[in-house]
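Enquirer:
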């Protein structure tokens with residue numbers, strides 16, 4: 003019988019219950035891809051998709067429109083979430099894989115300290131805690147349980163990016179795929195916020211996401227090269243808009 007490259011025949015770790023034709027197994031890497039897809043799905047209730055990542059502040063100030071959305075997203079990726087959250091995720095992932103939870107706490111505290119606005123700090127820790135809480139139940143990995151317990155005991159802030167790094171590492175997702183997945187989730191959340199703010203439509207939102215792909219790739223590679231002292235964003239306009247958003251009388255999003 004012809005076998006496609008990458009197919010697995012027979013049982014082993016990750017094998018399903020099987021069918022009349024024989025046992026069903028997961029191809030190498032497919033299990034990790036499925037974890038990434040589940041974690042980045044907007045249906046995963048971590049609260050990440052309740053954030054606009056300062057976009058609502060830009061919209062209130064009329065500082066962004068459909069023609070400049072892609073430029074703002076690129077700036078946030080390369081100078082905001084890339085150097086900050088994506089880099090922290092990569093560092094936390096490596097520390098978790100190395101069995102060094104104290105190093106994960108250090109990364110977490112550093113990332114939290116670089117978030118200048120209260121709204122951004124609260125958004126990061128609220129979604130991070132929810133992510134750990136749910137992932138602890140869904141994936142049943144001791145590393146996730148341990149870090150969630152540290153966050154509950156207030157030994158670590160539990161930022162979303164570091165929580166994601168721990169979860170991806172504990173479930174065996176490679177670090178490059180983990181960083182790329184989380185950055186894509188950021189872009190999808192940004193595009194969803196743009197839709198709700200009526201800055202774009204569903205078709206153009208997909209064009210926005212596709213156009214962000216090379217920027218995501220660049221942000222991933224840069225994040226993988228950085229060390230802890232490099233963690234931090236330099237998108238001060240976003241910080242200003244977030245601060246204004248925090249004091250706005252009417253808001254659709256938590257950030």
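In my numbering, the protein residues as written are 3 to 257. Each residue gets a CB set at the ideal place from its N, CA and C atoms; glycine is no exception. A quick note: this is a predicted structure, and the numbers were derived from the prediction, not measured.
1) Closer than 8 Å is the cut-off here; do at least three beta carbon pairs connect the segment 55-72 with the segment 129-147?
2) From what residue to what residue does the alpha helix (DSSP H) around residue 145 run?
3) Report all residues from its chain with a CB closer than 7 Å to the CB of residue 131; omit the five preceding and five following residues, and keep chain order.
4) Can you give the Cα-Cα distance for residue 149 and residue 93, rounded to whole angstroms?
5) Are the beta-carbon atoms belonging to residue 38 and residue 124 less than 8 Å from one another?
6) Quick check: what's the CA-CA separation for residue 122 versus residue 183?
7) Which of helix, strand or coil does DSSP assign to residue 176?
8) Is the beta carbon of residue 234 less than 8 Å from the beta carbon of residue 86?
9) Can the beta-carbon of residue 197 be found less than 8 Å from the beta-carbon of residue 207?
10) Give a yes or no on whether the C-beta atoms belonging to residue 244 and residue 119 are separated by under 8 Å.
11) Count Cβ pairs between the segment 166-178 and the segment 60-71 that sit closer than 8 Å; are there 3 or more?
12) According to DSSP, is residue 49 helix, strand or coil?
13) From residue 105 to residue 40, what does the alpha carbon distance come to, in whole angstroms?
14) Determine the DSSP secondary structure at residue 41, reduced to helix, strand or coil.
15) What's the C-alpha gap between residue 164 and residue 254?
16) Taking residue 147 as the reference, give the member of 169, 204, 127 and 162 with the closest Cα.
17) Report buried or exposed for residue 36, applying the criterion of at least 16 other Cβ atoms within 10 angstroms of its Cβ.
18) Let me make sure I understand the geometry here. Which of 126, 103, 46 and 192 has the alpha-carbon closest to that of residue 1?
19) Going by other Cβ atoms of all chains shown within 10 Å of its Cβ, with 16 needed for buried, is residue 151 buried or exposed?
20) By alpha-carbon positions, which one of 69, 99, 84 and 53 ends up nearest to residue 172?
21) Can you name, in chain order, every residue of its own chain whose Cβ lies under 8 Å from the Cβ of residue 223, other than the five neighbours on each side?
22) Let me know the secondary structure DSSP gives residue 248 once reduced to three states.
23) For residue 194, which of 108, 45 and 248 has the nearest alpha-carbon?
Expert: In short:
1) The way I'd put it, the segment 55-72 doesn't touch the segment 129-147; fewer than three beta-carbon pairs between them come closer than 8 Å.
2) In the chain shown, the residue the question calls residue 145 occupies position 143. From DSSP, the alpha helix (DSSP H) with residue 145 extends over 144-154.
3) Position 129 of the chain shown holds residue 131. Closer than 7 Å at the Cβ level, and outside the excluded window around residue 131, lie 153 and 160.
4) Taking the first residue of the chain shown as 1, we reach residue 149 at position 147. Taking the first residue of the chain shown as 1, we reach residue 93 at position 91. Near 15 Å, if we compare the C-alpha coordinates of residue 93 and residue 149.
5) What you label residue 38 is simply residue 36 of the chain shown in a count that begins at 1. What you label residue 124 is simply residue 122 of the chain shown in a count that begins at 1. Cβ atoms of residue 38 and residue 124: not closer than 8 Å.
6) Reading the chain shown from its first residue, position 120 is the one you call residue 122. Reading the chain shown from its first residue, position 181 is the one you call residue 183. Roughly 21 Å separates the two Cα atoms.
7) Mapped onto the chain shown, residue 176 falls at position 174. Note: residue 176 maps to coil in three-state DSSP.
8) For this step, residue 234 is matched to residue 232 along the chain shown. For this step, residue 86 is matched to residue 84 along the chain shown. A distance below 8 Å separates the beta carbons of residue 234 and residue 86.
9) Taking the first residue of the chain shown as 1, we reach residue 197 at position 195. Taking the first residue of the chain shown as 1, we reach residue 207 at position 205. Cβ distance < 8 Å, so residue 197 and residue 207 count as in contact.
10) Locating residue 244 in the chain shown gives position 242, where the first residue counts as 1. Locating residue 119 in the chain shown gives position 117, where the first residue counts as 1. Yes, the pair counts as a contact, with Cβ atoms nearer than the cut-off.
11) no
12) For the purposes of this step, residue 49 is taken as the residue at position 47 of the chain shown. If DSSP states are grouped into helix, strand and coil, residue 49 belongs with coil.
13) The sequence position of residue 105 within the chain shown is 103, counting from 1. The sequence position of residue 40 within the chain shown is 38, counting from 1. In a straight line, the C-alpha of residue 105 is about 27 Å away from that of residue 40.
14) Locating residue 41 in the chain shown gives position 39, where the first residue counts as 1. Looking at residue 41 - three-state DSSP - the assignment turns out to be helix.
15) For the purposes of this step, residue 164 is taken as the residue at position 162 of the chain shown. For the purposes of this step, residue 254 is taken as the residue at position 252 of the chain shown. Approximately 26 Å, taken between the alpha carbons.
16) For this step, residue 147 is matched to residue 145 along the chain shown. Selected option, being the one with the closest Cα: 169.
17) Here residue 36 corresponds to residue number 34 of the chain shown, with the count starting at 1. Its Cβ having fewer than 16 others within 10 Å, residue 36 is exposed.
18) It is not possible to answer for residue 1, since the shown part of the chain is limited to 3 through 257.
19) Start at 1 with the first residue of the chain shown, and residue 151 comes out as number 149. Classification of residue 151: exposed, given that the 10 Å Cβ count is below 16.
20) Residue mapping note: residue 172 aligns to position 170 of the chain shown, counting from 1. Among 69, 99, 84 and 53, the Cα nearest to that of residue 172 is on 99.
21) Working through the chain shown from its first residue, we reach residue 223 at position 221. Within the same chain, residue 223 has no close Cβ partners at all.
22) On the chain shown, position 246 is the one that residue 248 refers to. It is helical.
23) In the chain shown, residue 194 corresponds to position 192, counting from 1. Out of 108, 45 and 248, 45 has the C-alpha closest to the C-alpha of residue 194.
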